[in-house]
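Colleague: Under this note's numbering, the first residue of the sequence shown carries the number 54, and numbering increases by one thereafter.
Even for Gly, the Cβ is constructed at its ideal location relative to N, Cα and C.
What follows is a single structure, and I will ask about it in a moment.
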Amino acid sequence: MSLQANKYRFLFAGGGTGGHIFPAIAVAENIRLLVPNSEIIFVGTRSKIEAHAVPNAGFAFKSIWIKGFSRKLSLQNFIFPLKVLVSCVQSLLINMKFKPQVAIGSGGYVSGPAIWAASILGAKIILLEQNSYPGITTRLLEKKASEIHICFEDTKKYLRGKEKLFVTGNPVRASLKLIDKEIALKKFNFSSKQKTILILGGSLGAASINIAIASGIDRLKLENIQVIWQTGKLYFDRFKNLANDSILIIPFIDDMSAAFSTCDLLISRAGATTIAEITNLGIASILVPSPNVAANHQYFNAKSLADKRAAILVKDRETNDSLFDAIINLVFNEEELNTLKENVKKFSKPEAASVIAKRAIKLAEAL
Numbered sequence: 054m055s056l057q058a059n060k061y062r063f064l065f066a067g068g069g070t071g072g073h074i075f076p077a078i079a080v081a082e083n084i085r086l087l088v089p090n091s092e093i094i095f096v097g098t099r100s101k102i103e104a105h106a107v108p109n110a111g112f113a114f115k116s117i118w119i120k121g122f123s124r125k126l127s128l129q130n131f132i133f134p135l136k137v138l139v140s141c142v143q144s145l146l147i148n149m150k151f152k153p154q155v156a157i158g159s160g161g162y163v164s165g166p167a168i169w170a171a172s173i174l175g176a177k178i179i180l181l182e183q184n185s186y187p188g189i190t191t192r193l194l195e196k197k198a199s200e201i202h203i204c205f206e207d208t209k210k211y212l213r214g215k216e217k218l219f220v221t222g223n224p225v226r227a228s229l230k231l232i233d234k235e236i237a238l239k240k241f242n243f244s245s246k247q248k249t250i251l252i253l254g255g256s257l258g259a260a261s262i263n264i265a266i267a268s269g270i271d272r273l274k275l276e277n278i279q280v281i282w283q284t285g286k287l288y289f290d291r292f293k294n295l296a297n298d299s300i301l302i303i304p305f306i307d308d309m310s311a312a313f314s315t316c317d318l319l320i321s322r323a324g325a326t327t328i329a330e331i332t333n334l335g336i337a338s339i340l341v342p343s344p345n346v347a348a349n350h351q352y353f354n355a356k357s358l359a360d361k362r363a364a365i366l367v368k369d370r371e372t373n374d375s376l377f378d379a380i381i382n383l384v385f386n387e388e389e390l391n392t393l394k395e396n397v398k399k400f401s402k403p404e405a406a407s408v409i410a411k412r413a414i415k416l417a418e419a420l
C-alpha cells in the first residue's frame, strides 16, 4: 500500500533517555497491533538510546542533528543555533517525505523540531508528558497539540489548554511482561535458591547508586545475594571488574522482561517510566530519586508510593549510609516484600498505551 493510499501514518519523536523513548514505543506497539497496515517512523538522535531501542522494537528510525543546550559553559552551546536550524530542515524533509497524519511527541529536545515540522505540514499533534512538571518541549509545543496525555493531576496547573489535557498514565511497552521466574533466572545463569536484586540507574546510570553498591559489594556476597547491575554506559568501565558468578554487571539491559522477572527486589531511580513499569508489574522496590531533575519530580514520584507503603524511599544523599541496610532488611522479609508488591499494583494504569493509541488512530481517521 502506498503512503498516499494509507491514512494510518504516524510519526513519533522523542528520546535522549529511556523515560522519553519507551512510552513512545509502547504506543507504537499498540497502534501496530490495532492497525497492522499502519506506517510508523521514529525521529531521534544517532547518539542516544533511541537509535538502539527503536530498531530493536522493529520500527523505522531517522536521525536528526540536535543536542540540548548545556546548562554549563560549553563550546557546543555556540553551535546550538546552527543545530536547531539544521534539525528543523531535516525534520521538514522527513515529514514531507513521510506525510504523517498524526505526530506523537514524547519529550526530550529531539521532539521539538520533528513535531514542529509535522504541525507545519498539517499533522495532528499528540504530546506525552511523563513527569509532574512538564518539560520545556511540552510547554513550547502545547499550542500546536490536539491532545496532551499526562500522568499526574498536578501537571494541569502548569499547562494552559485544560480542554486538551487527559490524565491517561504513562504508557508501558506491550512487550514488557513478567515471565516464569525459573526461566528468567536461567537467562542470567542464576540460581533459584538465592535472592536476586536488580539495580537500575537509568540508561546512562546513576553515580550515587553505583558508588553505594560498589562500596558494599562484599556485603552482598556475604549475604549470598545475586545481583543484576545495570551501571549505565557512562559507568560500566569503572565498575565492571567487580563482576563474578553472582554479580552480573552490564551497561544496559535489553531484555527487561527477564530482568524484572528475576528480581526479588529492585533498586532504582524514580523516573516516570520506572514508576509505570513497577506499578504495572507489581515489583517491590527501593527508590532513590535523582536530585538533578526539574521541580524535584522524582522525589514526589517516589514519595507518592512510599506514603502508601508501595515502595521504600531512600534519599540520594543518604545512599551511602542507608541503602544497604534497607536492602538487607527488606530482601529477606517476605511479608514486607509481598505488601509492597500488592500495594504498588494499586497505582497501575495498564491501559495507558492502548488508550493513547486509539486516540491517535481516531485523529488519523478524522483527516
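1. Could you check where the beta strand (DSSP E) with T249 kicks off and where it finishes?
2. Out of F292, L257 and G255, point me to the one whose CA is closest to G269's CA.
3. Thinking just about the alpha-carbon of each residue, which of I266, D308, A156 and A259 is nearest to the one in G285?
4. Would you kindly work out how many angstroms separate the C-alpha atoms of K368 and P153, rounded to a whole number?
5. Name the residue from A417, K274, V408 and L420 whose alpha carbon lies nearest to the alpha carbon of E82.
6. What residues in its chain sit with their C-beta under 8 Å from that of L334, if we drop five residues either side in the sequence?
7. Do the CB positions of A66 and V225 come within less than 8 Å of each other?
8. Is the beta carbon of I157 closer than 8 Å to that of S140?
9. Using only the alpha-carbon positions, how far apart do E418 and I203 sit?
10. Between the Cα of F241 and those of L275, K209 and I281, spot the shortest distance and give me the residue it belongs to.
11. If you check the beta carbons only, do G97 and E103 fall under 8 Å apart?
12. What residue from I173, I178 and W169 has the CA that sits closest to A413's CA?
13. With I74 and A106 assumed to form a contact (beta carbons below 8 Å), what rounded beta-carbon distance in angstroms separates them?
14. Given that a residue counts as buried once 16 or more other Cβ atoms are within 10 Å of its Cβ, and exposed if not, what is A348?
15. Are K197 and S159 touching if we call contact CB-CB under 8 Å?
16. Compare the C-alpha of G254 against each of N59, R99, T70 and A79 and name the closest.
17. At which residues does the beta strand (DSSP E) containing R428 begin and terminate?
18. Which runs of the beta strand (DSSP E), 3 residues or longer, sit entirely within the region 226–289?
19. Check whether the Cβ atoms of I328 and L383 sit closer than 8 Å, and answer yes or no.
20. Need the endpoints of the alpha helix (DSSP H) that V408 sits in, please.
21. May I ask which residues mark the beginning and end of the beta strand (DSSP E) holding F112?
22. L251 and C316 - do their beta-carbons sit closer together than 8 Å?
23. Ends of the beta strand (DSSP E) at A156?
24. Which of the three DSSP states, helix, strand or coil, is assigned to F122?
25. What's the C-alpha gap between P187 and H350?
26. For T190, which of N297, Y162 and K415 has the nearest alpha-carbon?
27. With DSSP as the reference, label A353 as helix, strand or coil.
28. Relative to the C-alpha of Q247, which candidate in F151, L318 and E216 has its C-alpha closest?
29. Entirely within the region 138–182 and at least 4 residues each: give me those alpha helix (DSSP H) ranges in chain order.
30. In the DSSP assignment, find the unbroken alpha helix (DSSP H) run with G71 in it and report its ends.
31. With a threshold of 7 Å on Cβ separation, who are the neighbours of V410 within its own chain once the five nearest residues in sequence on each side are excluded?
32. Look up F400 in the DSSP assignment and say whether it is helix, strand or coil.
33. Which residues mark the beginning and the end of the beta strand (DSSP E) in which F219 is found?
34. Can you give me the start and stop residues for the alpha helix (DSSP H) that F205 sits inside?
Modeller: So, from the listed chains and residues:
1. T249 to I252
2. F292
3. When each option's Cα is compared against that of G285, the closest is A259.
4. 43 Å
5. Measuring from the Cα of E82, the nearest candidate turns out to be V408.
6. L229, K230, L231 and F313
7. no
8. no
9. 23 Å
10. For F241, the nearest C-alpha among the options comes from I281.
11. yes
12. I178
13. 5 Å
14. exposed
15. no
16. That would be T70, whose Cα lies nearest to the Cα of G254.
17. Because the chain here runs from 54 to 420, residue 428 falls outside it and cannot be looked at.
18. 249–252 and 279–283
19. Against a cut-off of 8 Å, the Cβ pair of L383 and I328 comes out as no contact.
20. It spans A405 to A419 - the alpha helix (DSSP H) in which V408 sits, taken as one unbroken run.
21. From DSSP, F112 is part of no beta strand (DSSP E); its letter is neither H nor E.
22. yes
23. V155 to G158
24. Below a pLDDT of 50, predicted positions are generally treated as unreliable, and F122, at 49, falls in that range; the measurement from the model is reported next regardless. In this structure, F122 counts as coil in the three-state DSSP scheme.
25. 10 Å
26. Y162
27. The sequence shown places Phe at residue 353, rather than the Ala named in the question. Residue state, collapsed to three classes: helix.
28. It is L318.
29. 164–173
30. Here the alpha helix (DSSP H) through G71 covers G71 to L87.
31. Before going on, a small fix: residue 410 reads as Ala here, not Val. Around A410: V80, N83, I84 and L87.
32. coil
33. Its beta strand (DSSP E) spans residues L218 to V220.
34. From DSSP, F205 is part of no alpha helix (DSSP H); its letter is neither H nor E.
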